[in-house]
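Undergrad: The opening position of the sequence shown corresponds to residue 2 in my numbering, with each subsequent residue numbered one higher. Backbone N, C-alpha and C define an ideal beta-carbon position, used for all residues, glycine too.
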Amino acid sequence: MSVILRTSRQSDNVRDYHYWFAAGPADNALDATLRLPDLEAKLEASFEATRATWWQLGKQLGGKPTGSIARMPTCGTFGCDFGVMLAWAHITEKLVSEPESIVIICDDPWLFRHLATFPGVVAGTAPPIFKARLKRHVRGFLARAKTAVMQTLNAFRLRGQRKSALKQSPYILVYGHPESTPADHDAYFGNLLKEFKDLARVLHTDCPAALARTLATDQRTVSLHAFGHPLYALLKLPFAMWRPQSRDLAGPFGWLIERAALIENSGGGPAMNIWQQHCQTRFMAQVKPISITWPWENHAWERALCRVAHQQKIKTVGYQHTVVGPHQFNYATASNPDGLLSIPDIVATNGPAYADELRAWGVPDNRLMIAGSLRIPKFEPGLASENGPIFVPLSAKTGAAKAQLAVARQLRAQGIRVLIRPHPMYPLDTEALEHLELADGALSKQRHLSGVLYTTGASGLEAVLMGIPAYRLMQIDDISIDVLPAGLQASPVNTTNAVERITSAWQPVNPVKWESVLSAPKISVWKSLFFDVIDVRPQ
Numbered sequence: 002m003s004v005i006l007r008t009s010r011q012s013d014n015v016r017d018y019h020y021w022f023a024a025g026p027a028d029n030a031l032d033a034t035l036r037l038p039d040l041e042a043k044l045e046a047s048f049e050a051t052r053a054t055w056w057q058l059g060k061q062l063g064g065k066p067t068g069s070i071a072r073m074p075t076c077g078t079f080g081c082d083f084g085v086m087l088a089w090a091h092i093t094e095k096l097v098s099e100p101e102s103i104v105i106i107c108d109d110p111w112l113f114r115h116l117a118t119f120p121g122v123v124a125g126t127a128p129p130i131f132k133a134r135l136k137r138h139v140r141g142f143l144a145r146a147k148t149a150v151m152q153t154l155n156a157f158r159l160r161g162q163r164k165s166a167l168k169q170s171p172y173i174l175v176y177g178h179p180e181s182t183p184a185d186h187d188a189y190f191g192n193l194l195k196e197f198k199d200l201a202r203v204l205h206t207d208c209p210a211a212l213a214r215t216l217a218t219d220q221r222t223v224s225l226h227a228f229g230h231p232l233y234a235l236l237k238l239p240f241a242m243w244r245p246q247s248r249d250l251a252g253p254f255g256w257l258i259e260r261a262a263l264i265e266n267s268g269g270g271p272a273m274n275i276w277q278q279h280c281q282t283r284f285m286a287q288v289k290p291i292s293i294t295w296p297w298e299n300h301a302w303e304r305a306l307c308r309v310a311h312q313q314k315i316k317t318v319g320y321q322h323t324v325v326g327p328h329q330f331n332y333a334t335a336s337n338p339d340g341l342l343s344i345p346d347i348v349a350t351n352g353p354a355y356a357d358e359l360r361a362w363g364v365p366d367n368r369l370m371i372a373g374s375l376r377i378p379k380f381e382p383g384l385a386s387e388n389g390p391i392f393v394p395l396s397a398k399t400g401a402a403k404a405q406l407a408v409a410r411q412l413r414a415q416g417i418r419v420l421i422r423p424h425p426m427y428p429l430d431t432e433a434l435e436h437l438e439l440a441d442g443a444l445s446k447q448r449h450l451s452g453v454l455y456t457t458g459a460s461g462l463e464a465v466l467m468g469i470p471a472y473r474l475m476q477i478d479d480i481s482i483d484v485l486p487a488g489l490q491a492s493p494v495n496t497t498n499a500v501e502r503i504t505s506a507w508q509p510v511n512p513v514k515w516e517s518v519l520s521a522p523k524i525s526v527w528k529s530l531f532f533d534v535i536d537v538r539p540q
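1) So is Q329 buried or exposed if we call it buried at 16+ other beta carbons inside 10 Å?
2) Assuming K237 is part of the alpha helix (DSSP H), what are its boundary residues?
3) Tell me the DSSP secondary structure of F22 in three-state form.
4) Within the segment 338 to 415, note down every full beta strand (DSSP E) run reaching 3 residues or more, in order along the chain.
5) Just grab the DSSP bridge partners of K316 for me.
6) Rounded to the nearest angstrom, what separates T323 and G400 at their Cα positions?
7) Residues in its own chain within less than 6 Å of G64 by CB, not counting five upstream and five downstream?
8) Less than 8 Å between C-beta atoms, sequence neighbours within five positions excluded: which residues of the same chain meet that for R368?
9) Identify whether L429 lies in helix, strand or coil by the three-state DSSP scheme.
10) Rounding to the nearest angstrom, what Cα-Cα distance links A262 and I291 in this structure?
11) At which residues does the beta strand (DSSP E) containing R473 begin and terminate?
12) Would you say A30 touches the ligand FAD, meaning its beta carbon is less than 7 Å from a heavy atom?
13) By how many angstroms is the C-alpha of P271 removed from the C-alpha of Q540?
14) Would you be able to state if there are at least three C-beta pairs under 8 Å between the segment 209 to 227 and the segment 39 to 47?
15) Counting only runs of 4+ residues fully inside the segment 190 to 246, write out the alpha helix (DSSP H) ranges in chain order.
16) From which residue to which residue does the beta strand (DSSP E) around V4 run?
17) Please list, in chain order, all residues of the same chain as R538 whose beta carbon is under 6 Å from its beta carbon, the five residues on each side excluded.
18) Which class does G326 belong to by DSSP, given the choice of helix, strand or coil?
19) If you draw a straight line from the alpha carbon of A462 to that of G191, how long is it in whole angstroms?
20) On the three-pair Cβ rule with 8 Å, is the segment 355 to 371 touching the segment 414 to 432?
21) Could you give the residue range of the alpha helix (DSSP H) that holds V526?
22) For Q540, does the three-state DSSP call read helix, strand or coil?
23) With a threshold of 7 Å on Cβ separation, who are the neighbours of W111 within its own chain once the five nearest residues in sequence on each side are excluded?
24) From Q490 to S481, what distance separates their C-alpha atoms?
25) Relative to the C-alpha of P428, which candidate in L395, V453, K60 has its C-alpha closest?
26) Would you tell me roughly how many angstroms separate the C-alpha atoms of R140 and F79, rounded to the nearest one?
27) With distances taken between CB atoms, is the gap from P309 to T334 smaller than 8 Å?
28) With a threshold of 6 Å on Cβ separation, who are the neighbours of V465 within its own chain once the five nearest residues in sequence on each side are excluded?
29) With a threshold of 16 other CB atoms inside 10 Å of the CB of L236, please say whether the residue is buried or exposed.
30) Which of helix, strand or coil does DSSP assign to A124?
31) So S460 and S386 are in contact, right, with Cβ under 8 Å, and what is the actual spacing, rounded?
32) My parser needs the beta strand (DSSP E) runs of 3 or more residues fully inside the segment 42 to 112; what are they?
33) In terms of residue numbering, what span does the beta strand (DSSP E) encompassing R160 cover?
34) Exposed or buried, which one is T126 when buried takes at least 16 other CB atoms within 10 Å?
35) Counting pairs of beta carbons, one from the segment 197 to 214 and one from the segment 162 to 181, are three or more of them closer than 8 Å?
Here is the structure:
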């Protein structure tokens with residue numbers, strides 16, 4: 002049969018079909034009972050099936066001019082939906098050969114045009130694109146101009162910190178986390194500042210000036226903003242854009258690449274990326290740290306950091322501070338245009354399971370070292386309870402968090418106690434949390450829970466290690482990023498069946514052996530990582 006591609010406005014005229022689904026957000030009046038079954042699972046399977054394509058495109062685009070300030074070429078699944086677009090395309094290609102007639106509702110101008118190129122797809126009139134492009138361009142310029150002014154002010158406000166920076170010391174480079182303190186505690190590196198008095202801290206440009214000033218009262222923390230040149234911010238950032246080349250836009254994925262570029266350029270992302278790279282380069286040149294260690298995720302600014310550090314003979318250590326799993330495509334070396342030149346000298350993992358994952362994704366043995374988990378403790382037994390509440394740690398992604406809240410309200414309507422934990426870095430507004438009970442701490446601080454409903458982040462791993470039933474809420478229009486290493490599983494649920502699955506007969510689970518996944522922090526290893534000199538010449 003055929004695949005019928007329509008917009009929401011054209012959906013009223015669709016007749017004689019077996020199933021339908023919406024590729025992305027769309028409004029329509031089609032029969033809900035005929036929605037394509039198991040769409041969440043199909044979307045995730047296609048997402049995984051197309052990762053090599055994304056890696057290949059990322060490597061190709063990341064090596065082009067301006068590709069080094071873009072997120073899409075790094076294959077970052079948290080901040081870019083390009084992989085989801087590839088997944089919709091993969092589903093469409095497979096459905097063309099199916100015997101049923103399938104209707105796809107798509108209101109995205111770029112995705113619609115991409116899907117319409119497939120043989121066997123009968124497409125209606127594509128959504129208008131001129132206004133969509135214009136809106137992105139205008140919004141992007143305003144966002145970049147605002148970013149330029151803000152970073153110019155930050156450079157002036159924090160310039161005094163430059164003088165207090167400790168020269169030729171080991172540094173940790175961290176994001177501006179609200180749980181970090183000036184009293185020897187860092188949200189990413191625990192008590193290592195307290196353990197090593199000669200260790201200094203430099204703050205990523207995402208850290209607000211007020212927090213940077215507070216943290217700097219420890220006399221060994223400085224902001225990268227202090228090293229940025231105000232004129233660079235004012236004159237360069239308004240024009241910082243990712244500009245794919247015409248040959249890339251004319252290729253088979255041209256519509257999706259244009260879409261990705263317009264989305265990134267419609268915000269301050271590229272401008273912040275180039276500002277971060279400018280500030281960290283000047284920091285390294287002026288402070289000359291003996292080593293830089295940071296929460297490594299292989300993003301664009303991190304790759305640039307590695308390249309410059311190699312040139313200046315500065316040791317780089319990327320700490321795999323959080324979970325990886327099969328969906329964190331950005332951790333693989335496959336999308337790095339220059340291979341290992343933009344990978345840290347040492348990748349310090351938080352345990353053996355994740356060392357195995359990173360090894361499988363291209364990090365060589367001589368770059369890997371198990372340093373231990375600084376954020377996920379070893380749990381005592383007996384933390385699960387049949388009559389306990391459901392813990393819901395909200396995702397950093399707004400859409401995923403709202404899906405979790407929808408299920409949480411359904412559970413509460415059935416008399417089940419639910420504890421909501423807003424994401425510390427990306428909290429929702431108070432209206433979204435109205436009438437819900439907030440947890441008094443992170444999952445690792447909880448006891449006697451009957452289950453954990455999560456979408457992204459480390460909470461799924463923590464639940465499995467605590468022996469608490471874990472439910473990964475899959476989404477109908479996005480990927481709930483699987484963070485568990487090979488051999489570990491959580492129960493996949495969706496918004497339709499989550500309440501039924503969670504409220505069915507409760508079954509305790511056997512906790513996974515903590516040592517099989519993580520390891521205790523090794524102070525001697527951290528000392529070596531921070532202070533020992535190694536040959537940092539590119540290999």
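TA: Reading it off the structure:
1) buried
2) 231 to 237
3) F22 carries a strand assignment under DSSP once its states are collapsed to helix, strand and coil.
4) 347 to 350, 369 to 371, 391 to 394
5) S292
6) T323 and G400 have their C-alpha atoms roughly 21 Å apart.
7) Around G64: P338.
8) L341, I344, P345, D346, I347, V348
9) coil
10) 36 Å
11) 471 to 474
12) Absence of the ligand FAD from the depicted structure is noted, as is the absence of any ligand whatsoever, leaving it without description.
13) Because the pLDDT of Q540 is 46, which lies under 50, any placement of that residue in the model is unreliable, and the number read from its coordinates should be weighed accordingly. Roughly 29 Å between the two C-alpha positions.
14) no
15) 193 to 196, 210 to 216, 231 to 237
16) 4 to 7
17) Note on R538: pLDDT 48, under 50, position unreliable in the model; the coordinate value appears next. So the list is empty, once near-sequence residues are dropped.
18) coil
19) Here residue 462 turns out to be Leu, not Ala, going by the sequence shown. Their backbone Cα atoms lie some 19 Å apart in a straight line.
20) no
21) 524 to 532
22) Its pLDDT being 46, under 50, Q540 is placed unreliably in this model, and the value from its coordinates should be taken loosely. Coil, per DSSP.
23) Only residues of its own chain outside the window of five on either side were considered, and among them W256, L257, E259, R260 have a CB closer than 7 Å to the CB of W111, listed in chain order.
24) 14 Å
25) L395
26) Spanning the two alpha carbons is a distance of roughly 22 Å.
27) Sequence check: residue 309 is Val here, not Pro. Judged by beta-carbon spacing, T334 lies beyond the 8 Å limit of V309, meaning their Cβ atoms are not closer than that value.
28) A471, L489, V513
29) exposed
30) Collapsing the DSSP output to three states places A124 in a strand.
31) Actually they are not in contact, since the Cβ atoms of S460 and S386 sit about 17 Å apart, beyond 8 Å.
32) List check, beta strand (DSSP E) in window: 103 to 106.
33) It is not in any beta strand (DSSP E) - R160 carries neither H nor E in the DSSP assignment.
34) With a threshold of 16 other beta carbon atoms within 10 Å, T126 falls short and is exposed.
35) Touching, yes.
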